[in-house]
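This report refers to the structure that appears directly beneath it.
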Amino acid sequence: MKTSPLTRRSLIATTGAALATIASGLLVPARAAGLAPTPSMRGGANNYRPGAPIVDRIGGGGFWMTGTVRRAGDGAPISGARIQIWAHTTEGHERDPESHGATLTDANGEFRLEMPQIVPAFGQPHGHLAYDDPEFETVFLRPVMPNASDTTLAAHFVLQPA
Amino acid sequence: MRAVLIWGALGAALLVPLWVAATSPLLAWREPIYIIAGLAGVIGLALMALQPLLAAGLLPGLPAPKGRRVHLWIGLAIVTAVILHVAGLWITSPPDVIDALTFRSPTPFAIWGVMAMWAVFAAALLASLRRKLRLPPRIWRRAHTALALVIVGGTSAHALLIEGTMGTVSKTALCLLVVLATLKVIHDLRIWTRRRA
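Residue numbers (the numbering used here), protein chains in the order written: chain A, 1 to 162; chain B, 163 to 359.
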């Protein structure tokens with residue numbers, strides 16, 4: 001009499017082992033993938049001007065846009081990343097070239113650029129930020145101010161190597 | 163005397179929100195085309211308060227047949243206001259308006275506004291084709307009223323969610339007036355309930 005190589009015992013054992021492998025994989029995916037990259041926000045790229053110059057300050061200043069840039073996975077700070085910033089402010093519309101300026105991150109991956117006060121436009125007081133260089137995937141952000149009278153706004157990038 | 167009071171109260175309810183918006187400090191940082199676009203929206207919303215009252219002939223001096231004719235002209239004015247509103251915003255920031263029209267906007271109020279815009283156009287189209295379509299009057303009336311509900315609800319949600327030139331109090335009061343006037347007239351004219359013979 002021939003017996004099948006697949007016995008009930010071996011079937012249960014292999015199925016159980018397979019399930020355990022899948023389950024253990026599902027339990028720790030966050031650690032395996034590390035820090036996830038920041039996705040672009042809807043409307044983030046609106047009125048973007050590629051190649052806006054690096055400036056010490058946009059217009060007369062009085063408002064601070066701040067933030068950090070880190071690498072996806074290990075979260076290491078990225079220094080020298082070029083971030084473009086623009087908004088509807090007391091000195092101009094989003095489309096105006098003088099409403100745009102870029103800055104570079106420091107050794108800690110932090111950036112900070114002074115600009116005119118952001119005022120509500122198109123229904124919300126909001127700013128725009130872009131990372132758009134070859135080393136990492138492009139990301140556009142559109143943070144909204146919790147309060148229109150705020151004089152600072154922060155936005156953080158986690159970039160995926162290109 | 164009663165007529166003066168009604169017109170006075172209605173005039174104040176429509177003109178105060180417009181005056182608040184027209185004197186907003188935000189206007190100092192906007193170009194003329196953006197200011198016109200915003201105010202066209204406010205005027206369109208204010209005119210919506212008149213529409214149900216005119217359709218029902220509730221306004222002094224404008225009983226049903228006369229009121230309906232004015233309703234038609236105010237309807238045309240609302241269509242014009244909507245076109246000015248959207249065109250002005252398009253000139254101010256094309257990508258934001260394209261996002262809104264394609265329902266990809268990050269701001270939910272844009273979706274409400276675009277819904278209301280299409281309902282305004284549909285309601286006007288339905289009115290202009292009234293004779294050609296030869297729909298039974300009850301059906302035509304229900305379709306036009308259903309569109310009015312989308313317009314009134316969509317526009318109110320649109321306006322209330324926006325942080326802009328309108329004042330919070332006068333904006334809320336105006337939206338309430340528009341919605342309540344519409345609901346009262348739908349009830350009074352028995353649009354959906356069976357009419358007595």
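Yeah, the Cβ is synthetic: ideal placement off N, Cα and C, and Gly gets one too.
Beta-carbon spacing of residue i, residue j below 9 Å
i, j, result
"I118(A)", "A87(A)", "yes"
"V312(B)", "A262(B)", "no"
"A226(B)", "D350(B)", "no"
"G316(B)", "G275(B)", "yes"
"L339(B)", "A321(B)", "no"
"P187(B)", "I348(B)", "no"
"G51(A)", "F157(A)", "no"
"G123(A)", "P143(A)", "no"
"E165(A)", "A121(A)", "Past the edges of chain A, shown from 1 to 162, lies residue 165(A), and the structure says nothing about it."
"R82(A)", "A76(A)", "no"
"A211(B)", "A175(B)", "yes"
"L209(B)", "A239(B)", "yes"
"W252(B)", "V259(B)", "yes"
"R303(B)", "I353(B)", "yes"
"V270(B)", "L207(B)", "For clarity, residue 270(B) is Pro in the given sequence; the question names Val instead. No, these two residues do not count as a Cβ contact at 9 Å."
"V314(B)", "M279(B)", "no"
"P257(B)", "A45(A)", "yes"
"E325(B)", "P125(A)", "yes"
"L35(A)", "D74(A)", "yes"
"A285(B)", "L246(B)", "no"
"R164(B)", "P222(B)", "yes"
Bridge partners - residue i, DSSP secondary structure assignment
i, result
"H183(A)", "For residue 183(A) there is no data in the structure shown, the boundaries of chain A being 1 and 162."
"I118(A)", "T89(A)"
"A166(A)", "Absent from the structure is residue 166(A), since the part of chain A shown begins at 1 and ends at 162."
"V144(A)", "H126(A)"
"P161(A)", "F136(A)"
"I313(B)", "BP columns for I313(B) are empty, so no partner."
"P77(A)", "R70(A)"
"E110(A)", "T68(A)"
"L221(B)", "L224(B)"
"H100(A)", "W86(A)"
"I54(A)", "A102(A)"
"L35(A)", "G73(A)"
Exposure of residue i, with buried meaning 16 or more beta-carbon neighbours within 10 Å
i, result
"F265(B)", "exposed"
"N147(A)", "exposed"
"V166(B)", "exposed"
"A343(B)", "buried"
"M328(B)", "buried"
"E135(A)", "exposed"
"A30(A)", "The predicted position of A30(A) is uncertain, since its pLDDT is 47 and thus under 50; a value taken from the coordinates is nonetheless stated next. A30(A) is exposed by the Cβ-count criterion."
"S149(A)", "exposed"
"A32(A)", "The predicted model places A32(A) with a pLDDT of 48, which falls under 50 and marks its position as unreliable; any figure quoted below should be read in that light. A32(A) should be labelled exposed."
"I177(B)", "Just to set this straight, residue 177(B) is Leu in the shown sequence, not Ile. Looking at its Cβ environment, which holds fewer than 16 other Cβ atoms inside 10 Å, L177(B) is exposed."
"S318(B)", "buried"
"G237(B)", "buried"
"A359(B)", "Caution applies to A359(B), whose pLDDT of 47 falls short of 50 and renders its modelled position unreliable; the value that the coordinates give is listed next. By the 10 Å Cβ count, A359(B) comes out exposed."
"L345(B)", "exposed"
"P179(B)", "buried"
"A154(A)", "exposed"
"A171(B)", "exposed"
"G200(B)", "buried"
Anticipated Cβ contact below 8 Å, residue i with residue j, distance rounded
i, j, result
"I58(A)", "M115(A)", "4 Å"
"A305(B)", "L288(B)", "6 Å"
"M172(A)", "I78(A)", "What the structure shows of chain A is the stretch from 1 to 162, and residue 172(A) is not part of that stretch, so it cannot be assessed."
"H93(A)", "T254(B)", "7 Å"
"Y48(A)", "F140(A)", "7 Å"
"T90(A)", "W191(B)", "5 Å"
"P37(A)", "L159(A)", "6 Å"
"A104(B)", "I205(B)", "Not covered by the structure: residue 104(B). The range shown for chain B is 163 to 359."
Count Cβ pairs between the stretch 194-207 of chain B and the stretch 101-115 of chain A that sit closer than 8 Å; are there 3 or more?
With the cut-off at 8 Å, the stretch 194-207 of chain B and the stretch 101-115 of chain A do not touch.
Inter-stretch contact (C-beta, 8 Å, three-pair minimum) for the stretch 319-333 of chain B and the stretch 295-302 of chain B
No, the stretch 319-333 of chain B does not touch the stretch 295-302 of chain B.
Please determine if the stretch 231-245 of chain B and the stretch 175-185 of chain B are in contact, where contact requires at least 3 C-beta pairs separated by less than 8 Å.
Three or more beta-carbon pairs separated by less than 8 Å are not found between the stretch 231-245 of chain B and the stretch 175-185 of chain B, which leaves the two stretches without contact.
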